[in-house]
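Peer 1: My questions will all concern the structure given below.
In UniProt numbering, the protein residues as written are 1 to 490.
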């Protein structure tokens with residue numbers, strides 16, 4: 001028999017004291033921080049630096065000048081940032097916020113502090129906003145932090161409809177904008193992209209006049225500044241009126257105009273099999289892209305982020321089912337009556353429900369069986385006459401919750417698969433499990449106060465605890481619905 005005693009808090013506290021105390025004989029390495037014409041001396045220990053940073057480990061093992069002199073000078077970090085990182089080396093603790101995250105990330109990336117780099121990279125991804133993404137992209141590109149460069153482009157792409165309307169769109173460099181516009185899966189109205197491009201061109205060409213007030217010289221300047229970017233506008237997706245409006249601007253580069261006019265004559269035959277042959281032939285010589293963008297068919301006003309759609313697609317697990325799900329009911333279009341919801345959504349097979357609360361939390365559930373009214377099928381799916389419907393493939397999920405935890409899927413344990421969803425035409429809207437997640441008759445109010453009765457709880461959370469009740473939307477398991485959408489096969 002043996003026992004293990006661990007006191008990591010005391011260890012962290014003692015090591016922090018070691019960093020902060022002033023006895024000269026304890027230190028064996030000095031770091032001089034030169035920043036904005038000021039110097040500050042940090043006294044440290046080689047042993048701590050070498051185990052906390054692969055950079056320092058390599059530096060000391062190679063017996064370089066710094067190792068011999070027991071001293072190095074850093075000119076790429078501020079006193080405040082370096083103090084935070086050295087304190088982290090000793091204590092294992094560091095405070096991260098939007099103001100200091102990038103500064104610490106740049107240091108940890110350069111000096112090979114991998115676990116800190118990973119943590120802050122994730123923090124940046126979770127907290128990124130339209131207002132800062134262009135500045136972040138500029139920094140990460142200059143430092144070749146490719147993971148976060150890719151993230152910034154993906155963030156801009158996913159939020160492009162909103163981003164293109166903001167002032168921050170104008171800060172993109174031509175090469176960065178080219179990178180975004182070249183993506184075939186950019187899911188934004190194409191004419192809106194064209195209008196945004198003109199706004200970007202005016203700003204970056206220092207043209208003050210609106211389009212209808214420009215003289216020919218200004219239009220020529222604008223056209224020249226947009227000539228490369230225009231090649232990625234999918235004029236093929238414009239309506240006839242949009243094509244006409246685009247041509248009237250006078251800023252489409254010479255040579256493209258004739259192609260667009262020629263193409264406009266083919267638009268009535270888009271569905272004709274000859275049209276694809278025309279595109280394939282023209283694509284070889286065309287000055288602009290003739291490739292249709294791959295726009296998402298999942299039309300939800302609640303979920304716009306592609307990563308959330310990707311989660312749902314992976315959780316459902318059957319691409320043929322997910323691709324067939326179309327919006328069939330929304331409280332915005334169809335009202336709040338549960339009987340009307342049943343009239344529209346019952347007997348549709350695979351059904352996906354997405355709920356957004358008044359506080360902005362997003363969650364829902366999926367059933368491959370769906371809500372059934374056909375009496376002949378009851379014996380196949382009902383666990384009991386009370387209205388419980390069995391479905392081993394059902395699950396509930398959380399995309400945005402009060403804990404700010406990552407999106408999660410919660411499935412049924414095998415012995416509980418016969419109570420996946422509950423059917424009551426006149427008293428309930430969507431109802432998952434035995435009160436795990438459900439909407440009341442008016443569907444304005446929802447409950448999750450018995451999350452865990454049928455569906456598995458997150459690790460470390462117990463049934464009927466406040467954590468369980470508040471997991472999806474807070475408010476002790478009772479919440480107000482802002483909108484609800486239901487998708488099923490059509």
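All C-beta atoms, glycine included, are put in the ideal place defined by N, C-alpha and C.
With a CB to CB cut of under 8 Å and the five nearest residues on each side skipped, what residues in its chain are close to residue 397?
Peer 2: Position 397 of the chain shown, counted from the first residue, corresponds to residue 397. Once the five neighbours on either side are set aside, the close Cβ partners of residue 397 are 311, 312, 315, 363, 364, 365, 366, 407, 408, 409, 410.
Peer 1: Do residue 161 and residue 134 have their CB atoms nearer than 7 Å?
Peer 2: Along the chain shown, one-based indexing puts residue 161 at 161. Along the chain shown, one-based indexing puts residue 134 at 134. For residue 161 and residue 134, no; Cβs fall outside 7 Å.
Peer 1: I need the boundaries of the alpha helix (DSSP H) containing residue 90, first residue and last residue.
Peer 2: If you number the chain shown from 1, residue 90 lands on position 90. Note, residue 90: alpha helix (DSSP H), 79 to 91.
Peer 1: Using 8 Å for Cβ pairs, my map puts residue 439 next to residue 446. What's the rounded Cβ distance?
Peer 2: What you label residue 439 is simply residue 439 of the chain shown in a count that begins at 1. What you label residue 446 is simply residue 446 of the chain shown in a count that begins at 1. At roughly 5 Å, the Cβ-Cβ gap stays under 8 Å, so residue 439 and residue 446 are in contact.
Peer 1: Going by Cα to Cα distance, which pick from 238, 233, 421, 240 is closest to residue 253?
Peer 2: The residue labelled residue 253 in the question sits at position 253 within the chain shown. Ranking 238, 233, 421, 240 by Cα distance to residue 253 puts 233 first.
Peer 1: Rounded to the nearest angstrom, what separates residue 89 and residue 10 at their Cα positions?
Peer 2: Walking along the chain shown from the start, residue 89 turns up at place 89. Walking along the chain shown from the start, residue 10 turns up at place 10. Within the model, the alpha-carbon separation for residue 89 versus residue 10 is close to 15 Å.
Peer 1: Going by DSSP in three states, residue 119 sits in which element: helix, strand or coil?
Peer 2: Locating residue 119 in the chain shown gives position 119, counting from the first residue. If DSSP states are grouped into helix, strand and coil, residue 119 belongs with the helices.
Peer 1: If you check the beta carbons only, do residue 356 and residue 302 fall under 7 Å apart?
Peer 2: The count along the chain shown starts at 1 and reaches residue 356 at position 356. The count along the chain shown starts at 1 and reaches residue 302 at position 302. It is a contact, given that the beta carbons lie within the stated cut-off.
Peer 1: For residue 408, which residues does DSSP report across the bridge?
Peer 2: The residue labelled residue 408 in the question sits at position 408 within the chain shown. Residue 408 pairs with 398.
Peer 1: Count the other CB atoms, across all protein chains shown, that sit within 10 Å of the CB of residue 358; report buried if there are 16 or more and exposed otherwise.
Peer 2: As a position in the chain shown, residue 358 is number 358, starting the count at 1. That one is exposed.
Peer 1: Could you pull out every residue in the same chain whose Cβ sits closer than 6 Å to the Cβ of residue 111, ignoring the five residues on either side in sequence?
Peer 2: Here residue 111 refers to the residue found at position 111 of the chain shown. These residues qualify, in order along the chain: 53, 55.
Peer 1: Can you look up residue 482 in the DSSP assignment and give me helix, strand or coil?
Peer 2: If you number the chain shown from 1, residue 482 lands on position 482. Correct three-state label for residue 482: strand.
Peer 1: Please list the terminal residues of the continuous alpha helix (DSSP H) segment that includes residue 55.
Peer 2: As a working mapping, residue 55 is identified with position 55 in the chain shown. From DSSP, the alpha helix (DSSP H) with residue 55 extends over 54 to 61.
Peer 1: For the candidate residues 84, 369, 437, 164, whose alpha-carbon lies nearest to that of residue 394?
Peer 2: Residue mapping note: residue 394 aligns to position 394 of the chain shown, counting from 1. The residue from 84, 369, 437, 164 with its alpha-carbon nearest to that of residue 394 is 369.
Peer 1: What would DSSP say about residue 230, mapped onto helix, strand or coil?
Peer 2: One-based indexing of the chain shown puts residue 230 at position 230. DSSP places residue 230 in helix when its eight states are reduced to three.
Peer 1: Looking at the unbroken beta strand (DSSP E) that takes in residue 40, where does it start and where does it end?
Peer 2: Sequence index remark: in the chain shown, residue 40 carries index 40 (1-based). Note, residue 40: beta strand (DSSP E), 38 to 44.
Peer 1: Indicate the three-state DSSP secondary structure (helix, strand or coil) for residue 269 in the structure shown.
Peer 2: For this step, residue 269 is matched to residue 269 along the chain shown. Because residue 269 carries a pLDDT of 46, less than 50, the predicted location of this residue cannot be relied on, and no value is offered for it.
Peer 1: Tell me the residue span of the beta strand (DSSP E) that contains residue 367.
Peer 2: Taking the chain shown and counting its residues from 1, one reaches residue 367 at position 367. Segment 362 to 367, the beta strand (DSSP E) holding residue 367.
Peer 1: Just to confirm the assignment, what range does the beta strand (DSSP E) spanning residue 447 have?
Peer 2: The residue given as residue 447 occupies position 447 in the chain shown. From DSSP, the beta strand (DSSP E) with residue 447 extends over 445 to 447.
Peer 1: Which one of 198, 217, 228, 225 has the shortest CA to CA distance from residue 247?
Peer 2: For the purposes of this step, residue 247 is taken as residue 247 along the chain shown, with counting starting at 1. Of the candidates 198, 217, 228, 225, the one whose C-alpha sits nearest the C-alpha of residue 247 is 198.
Peer 1: Would you mind stating whether residue 180 and residue 165 have Cβ atoms separated by less than 7 Å?
Peer 2: As a working note, residue 180 is residue 180 in the chain shown. As a working note, residue 165 is residue 165 in the chain shown. Result no, Cβ atoms of residue 180 and residue 165 do not sit closer than 7 Å.
Peer 1: Please report the Cβ distance between residue 127 and residue 106, rounded to the nearest whole angstrom; I am assuming they are in contact, meaning their Cβ atoms lie under 8 Å.
Peer 2: For the purposes of this step, residue 127 is taken as the residue at position 127 of the chain shown. For the purposes of this step, residue 106 is taken as the residue at position 106 of the chain shown. With 8 Å as the limit, residue 127 and residue 106 do not qualify as a contact, their Cβ atoms being about 16 Å apart.
Peer 1: Taking the straight line between their C-alpha atoms, what separation do you get for residue 83 and residue 481?
Peer 2: Taking the chain shown and counting its residues from 1, the one referred to as residue 83 is at position 83. Taking the chain shown and counting its residues from 1, the one referred to as residue 481 is at position 481. Each residue's alpha carbon lies about 47 Å from the other.
Peer 1: I'd like the span of the beta strand (DSSP E) that includes residue 355, first residue to last.
Peer 2: Translated into the one-based positions of the chain shown, residue 355 becomes position 355. Following the DSSP letters along the chain, one finds residue 355 inside the beta strand (DSSP E) bounded by residues 351 to 357.
Peer 1: Any idea which residues DSSP pairs residue 326 with across the strands?
Peer 2: Position 326 of the chain shown, counted from the start, is the residue given in the question as residue 326. Residue 326 pairs with 488.
Peer 1: Quick one: what does DSSP say residue 284 is sitting in, helix, strand or coil?
Peer 2: Here residue 284 refers to the residue found at position 284 when the chain shown is read from its first residue. At residue 284, the pLDDT of 49 sits below 50, so the modelled position is not reliable and the matter cannot be decided from this model.
Peer 1: Measuring straight from C-alpha to C-alpha, what distance separates residue 147 and residue 101?
Peer 2: Looking up residue 147 in the chain shown gives position 147. Looking up residue 101 in the chain shown gives position 101. Cα to Cα, residue 147 sits roughly 16 Å from residue 101.
Peer 1: Under the three-state reduction of DSSP, which class applies to residue 389: helix, strand or coil?
Peer 2: Counting from 1 along the chain shown, the entry for residue 389 is found at position 389. Three-state DSSP puts residue 389 in a strand.
Peer 1: Going by the DSSP bridge assignment, what does residue 35 pair with across the sheet?
Peer 2: The residue given as residue 35 occupies position 35 in the chain shown. Per DSSP, 38.
Peer 1: Could you have a look at residue 371 and say whether DSSP puts it in helix, strand or coil?
Peer 2: As a first step, residue 371 must be located in the chain shown, where it is residue number 371. Coil.
Peer 1: Which ranges would you report for the alpha helix (DSSP H) in the stretch 150 to 234 if only whole runs of at least 4 residues count?
Peer 2: 160 to 163, 174 to 181, 190 to 204, 216 to 230
Peer 1: Can you tell me which of 48, 43, 92, 119 puts its alpha carbon nearest to the alpha carbon of residue 72?
Peer 2: For this step, residue 72 is matched to residue 72 along the chain shown. Nearest C-alpha to residue 72: 43.
Peer 1: In the DSSP output, what is residue 432 paired with across the bridge?
Peer 2: Reading the chain shown from its first residue, position 432 is the one you call residue 432. As DSSP reads the structure, residue 432 sits in a beta bridge with 421, 437.
Peer 1: Go through its chain and collect everything with a Cβ distance to residue 488's Cβ below 8 Å, but skip five positions before and after it.
Peer 2: As a position in the chain shown, residue 488 is number 488, starting the count at 1. The beta carbon of residue 488 sits closer than 8 Å to those of 325, 326, 328, 345, 348, 349, 350, 351, 352, 370, all from its chain and outside the five residues before and after it, given in chain order.
Peer 1: Helix or strand or just coil, what does DSSP make of residue 66?
Peer 2: Here residue 66 refers to the residue found at position 66 when the chain shown is read from its first residue. Three-state DSSP puts residue 66 in a helix.
Peer 1: Comparing C-alpha positions only, which one of 159, 116, 120 sits nearest to residue 131?
Peer 2: Working through the chain shown from its first residue, we reach residue 131 at position 131. Of 159, 116, 120, the residue nearest in Cα terms is 159.
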